[in-house]
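K.L.:
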């Protein structure tokens with residue numbers, strides 16, 4: 001598992017990309033999907049996830065839908081039209097960042 005310091009700046013792009021691809025997701029589903037996709041290398045805690053979701057919702061990047069399951073309420077998150085632009089931007093930015101890191105950590109021989 002990667003350290004929290006290493007993954008901290010990548011959580012928002014990961015969350016946005018995943019919700020955008022799946023259409024809508026609820027919190028626990030997001031944590032489990034990331035854990036599965038990364039073979040446990042990235043583990044998003046609820047303490048890290050929900051502040052990001054709430055911040056994105058406040059910025060109108062995400063919208064929510066409440067679904068009643070028995071006596072419980074499940075809150076699904078969905079990317080808004082405005083949010084889709086942000087997903088595109090952060091995806092381009094993270095991919096560029098990865099390429100830049102490769103220049104440092106995997107330099108091509110001269």
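Numbering (UniProt numbering), first residue to last: 1 to 110. Backbone N, C-alpha and C fix where the C-beta goes; we use that ideal spot for every residue, glycine too.
Per the contact definition of three or more C-beta pairs closer than 8 Å, is the region 38-56 in contact with the region 12-30?
P.N.:
Output reads yes: the region 38-56 touches the region 12-30.
K.L.:
Is DSSP giving residue 50 helix, strand or coil here?
P.N.:
In the structure shown, residue 50 sits in a helix (DSSP, three-state: H, G or I).
K.L.:
May I have the straight-line CA-CA distance separating residue 30 from residue 61, to the nearest angstrom?
P.N.:
Whole-angstrom Cα-Cα distance: 16 Å.
K.L.:
Starting from residue 14, trace the alpha helix (DSSP H) both ways and give me its first and last residue.
P.N.:
Per DSSP, residue 14 belongs to the alpha helix (DSSP H) from 11-22.
K.L.:
Closest to residue 9 by CA distance: which of 32, 91, 73 and 39 is it?
P.N.:
Out of 32, 91, 73 and 39, 91 has the C-alpha closest to the C-alpha of residue 9.
K.L.:
Near residue 11, what residues of its chain come up, given a Cβ to Cβ distance below 8 Å and the 5 sequence neighbours on each side ignored?
P.N.:
Excluding positions up to five away in sequence, the list reads 44, 48, 49 and 52.
K.L.:
Taking C-beta to C-beta, are residue 77 and residue 25 nearer than 8 Å?
P.N.:
Yes, these two residues count as a Cβ contact at 8 Å.
K.L.:
Taking residue 13 and residue 104 to be in contact with their CB atoms under 8 Å, please state how far apart those CB atoms are, rounded to whole angstroms.
P.N.:
About 20 Å separates the two Cβ atoms, so there is no contact after all.
K.L.:
Mind checking whether residue 111 and residue 81 have CB atoms under 8 Å apart?
P.N.:
The requested residue 111 does not occur in the structure, where the chain is confined to residues 1 to 110.
K.L.:
Hey, how far is the Cα of residue 6 from the Cα of residue 69?
P.N.:
The straight-line gap from Cα to Cα measures roughly 36 Å.
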